[in-house]
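Scroll down for the structure; my scribbles are underneath it.
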Amino acid sequence: NKIIGILGMQGAIAEHQEILLQIPHTKIRIVKTAKDLDCIDGLILPGGESTAIGKLLDYFSLKEILRQKIISGLPVFGTCAGLILLAKNIENQTNTHLATMDITVKRNGYGSQLDSFSTNLLIPTIDKNMPIPLVFIRAPYITKTDKDVQILATLDNKIIAARQKNMLVSSFHPELTCDLRFHQYFLSMI
Ligand code: GLN
Numbered sequence: 002n003k004i005i006g007i008l009g010m011q012g013a014i015a016e017h018q019e020i021l022l023q024i025p026h027t028k029i030r031i032v033k034t035a036k037d038l039d040c041i042d043g044l045i046l047p048g049g050e051s052t053a054i055g056k057l058l059d060y061f062s063l064k065e066i067l068r069q070k071i072i073s074g075l076p077v078f079g080t081c082a083g084l085i086l087l088a089k090n091i092e093n094q095t096n097t098h099l100a101t102m103d104i105t106v107k108r109n110g111y112g113s114q115l116d117s118f119s120t121n122l123l124i125p126t127i128d129k130n131m132p133i134p135l136v137f138i139r140a141p142y143i144t145k146t147d148k149d150v151q152i153l154a155t156l157d158n159k160i161i162a163a164r165q166k167n168m169l170v171s172s173f174h175p176e177l178t179c180d181l182r183f184h185q186y187f188l189s190m191i
């Protein structure tokens, strides 16, 4: 059994939980304190509001401990705001959050007209045969990656999913679909 943590500060916590409940041999722990971090095998950073989640990480004295765990190899999966939390650089913004992944991210990258949309895309690293449904909500995208970052998916020349060692990120929200494949891929990293 693998114990998957879901960072329980703010955002789509219950939605990730719903998906994980459908995957056998997984246990779930909502992470709110440093102690919770000691008993998990991997951690999901949900979508929501990155500024709010960043502030709550400070408030609960979790930021530095979590940062060290990620640097030491804790597998993490950041969706949307979670991606922003992991980025070393955020465009038009000086402060960053966990800043462990060598990517530059543009927040709300799709502007106001296309605030939210969904589409289907073949992401061969996840599944060679069947496209994956993608849901974007005020989504960020990745504008730059260092060379040891593996780009998993692009949409209109924008990078929307990537992996660097133990860190997996997506601009979109796999937890808002009924599709388990992205989460299963994350579990395969653990
Ligand atoms: N726009 C949000 C942010 O900048 C992210 C949106 C989301 O997680 N759905 O934090």
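For the sequence shown, UniProt numbering assigns the number 191 to the last residue and increments by one with no breaks. The C-beta atom is built at its ideal place from N, Cα and C for all residues, glycine as well.
Give the straight-line distance between the Cα atoms of residue i and residue j, rounded to the nearest whole angstrom.
i, j, result
"residue 1", "Lys89", "A query on residue 1 cannot be resolved here, the shown segment of the chain reaching from 2 to 191 and no further."
"Asp180", "Gly79", "17 Å"
"Asp103", "His26", "32 Å"
"Phe173", "Gly49", "11 Å"
Among the options, whose alpha-carbon lies nearest the alpha-carbon of residue i?
i, options, result
"Ser119", "Met190, Phe61, Pro175, Gly79", "Pro175"
"Met190", "Val170, Lys129, Leu177", "Val170"
"Lys166", "Ile29, Ile72, Met131, Gln185", "Ile72"
"Leu58", "Phe78, Lys70, Thr34, Thr80", "Thr34"
"Leu46", "Lys28, Leu84, Ser62", "Leu84"
"Ile54", "Gly74, Val32, Lys36, Asp37", "Val32"
"Asn93", "Leu99, Thr105, Leu86, Pro132", "Thr105"
"Gln185", "Gly6, Ile24, Val150, Leu99", "Ile24"
"Ile124", "Thr101, Ala163, Asp103", "Ala163"
"Ala100", "Lys129, Ile133, Val77, Asp116", "Val77"
"Ile133", "Tyr60, Gly74, Leu156, Ile5", "Leu156"
"Asp116", "Ile5, Cys81, Ile91", "Cys81"
Self-check item: 3-residue-minimum beta strand (DSSP E) runs that sit fully inside the stretch 118-159, ordered along the chain
Solution: 133-138, 142-146, 151-156
**Asked** Can we say the stretch 104-123 touches the stretch 57-77, given the rule of at least three CB pairs closer than 8 Å?
**Response** no
Counting pairs of beta carbons, one from the stretch 135-152 and one from the stretch 39-46, are three or more of them closer than 8 Å?
no
Would you call the stretch 140-147 in contact with the stretch 7-24, where contact means no fewer than 3 C-beta pairs closer than 8 Å? no
Item checked: Segments assigned beta strand (DSSP E), at least 3 residues, entirely inside the stretch 45-94 -> 77-80, 88-91
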